[in-house]
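Here you go:
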């Protein structure tokens, strides 16, 4: 009985922390006049998953970075911790050593990748705004993994095109994570299917767009319609792409997992 009560207490404490963290993110978002996507799992179930399966296994540097990000006006841009846990598992499953990431923000997904790949692994990280990356940089440095990261402040497409000019880069990446402007997801995909090796993994974030992808356009908030349309078109295109196997997972704001097969 005492063990059960202790478990219940730990779950309740985890739920309280999770709810408080999410509330802070949403409050900062409202202050900036932005509209965050609603969570796919909109009940206590999501908080239960975080409290029992995610937070207890979250490395301390990631906890620290998540908390540092929560006070930022656009905190919801960060990778959700449950999606991060899934990403880390795929990194391990393919023994990733060379990865590429489009969209860094404060660096949650970047840090978890750096913590997961070998000490001599390398990450090409691309984002248009270095200032957000520098919020998480001290934590990355303290974790001792900065040497694995090549951060490039730039629009992503020119960098990807430059990489593809060298034939040695084709099929040289084990893993890719994309969490950037949705209107360019297909443009990124066309390049990722050349850069990532056959058997490698490409993961796209926010592919359920808060559940709005399943709603008629007239039922979607006006600020969300352009993103919804881009996401729907991308999902439809991926569905018919014979170069990859796919799985759509409803973690975070939805992640589309692709395994390159040709």
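Numbering (this note's numbering), first residue to last: 3 to 264. Don't be surprised by glycine CBs; every beta carbon is placed ideally from N, CA and C.
Can residue i and residue j be called in contact, C-beta distance under 8 Å?
i           : j           : result
residue 63  : residue 113 : yes
residue 175 : residue 101 : yes
residue 234 : residue 257 : no
residue 39  : residue 212 : yes
residue 164 : residue 132 : no
residue 120 : residue 99  : yes
residue 70  : residue 138 : yes
residue 170 : residue 229 : no
Hey, how far is the Cα of residue i from the Cα of residue j?
i           : j           : result
residue 245 : residue 125 : 24 Å
residue 220 : residue 232 : 16 Å
residue 224 : residue 254 : 22 Å
residue 222 : residue 74  : 26 Å
residue 143 : residue 66  : 13 Å
residue 84  : residue 168 : 36 Å
residue 217 : residue 226 : 12 Å
residue 209 : residue 239 : 12 Å
residue 129 : residue 122 : 22 Å
residue 55  : residue 46  : 14 Å
Between which residues of its own chain and residue i is the CB-CB distance below 8 Å, once the five residues before and five after are set aside?
i           : result
residue 147 : 113, 116 and 117
residue 280 : Nothing about residue 280 can be reported from this structure: the residues present for the chain run from 3 to 264 only.
residue 159 : 186, 189, 190 and 193
residue 178 : 101, 102, 103, 104, 194, 197, 198, 202, 203, 204 and 205
residue 96  : 176, 177, 201, 202 and 203
Which class does residue i belong to by DSSP, given the choice of helix, strand or coil?
i           : result
residue 28  : Low confidence applies here, because residue 28 scores a pLDDT of 42, under 50, leaving its location unreliable and the question unanswered by this model.
residue 161 : helix
residue 258 : strand
residue 100 : strand
residue 249 : strand
residue 200 : strand
residue 126 : strand
residue 171 : helix
residue 1   : With the chain running from 3 to 264 in the structure shown, residue 1 is simply not present.
residue 152 : strand
Looking only at its own chain, which residues have a Cβ that is under 6 Å from the Cβ of residue i, when we skip the five neighbours before and after it?
i           : result
residue 79  : 107
residue 207 : 181 and 257
residue 81  : 110 and 111
residue 250 : 258
residue 127 : 103, 106, 112, 151 and 153
Leaving out five residues before and five after residue i in sequence, what residues of the same chain have Cβ atoms less than 7 Å from its Cβ?
i          : result
residue 60 : 83
Just checking residue i against the ligand GTP - is the residue's beta carbon closer than 7 Å to any of the ligand's heavy atoms?
i           : result
residue 166 : With respect to the ligand GTP, the structure shown offers nothing to examine, as it has no ligands at all.
Is the stretch 148-155 touching the stretch 75-91, taking contact as three or more C-beta pairs under 8 Å? The stretch 148-155 is not in contact with the stretch 75-91.
Does the count of Cβ pairs from the stretch 247-264 and the stretch 193-204 closer than 8 Å reach three? Verdict: yes, contact present.
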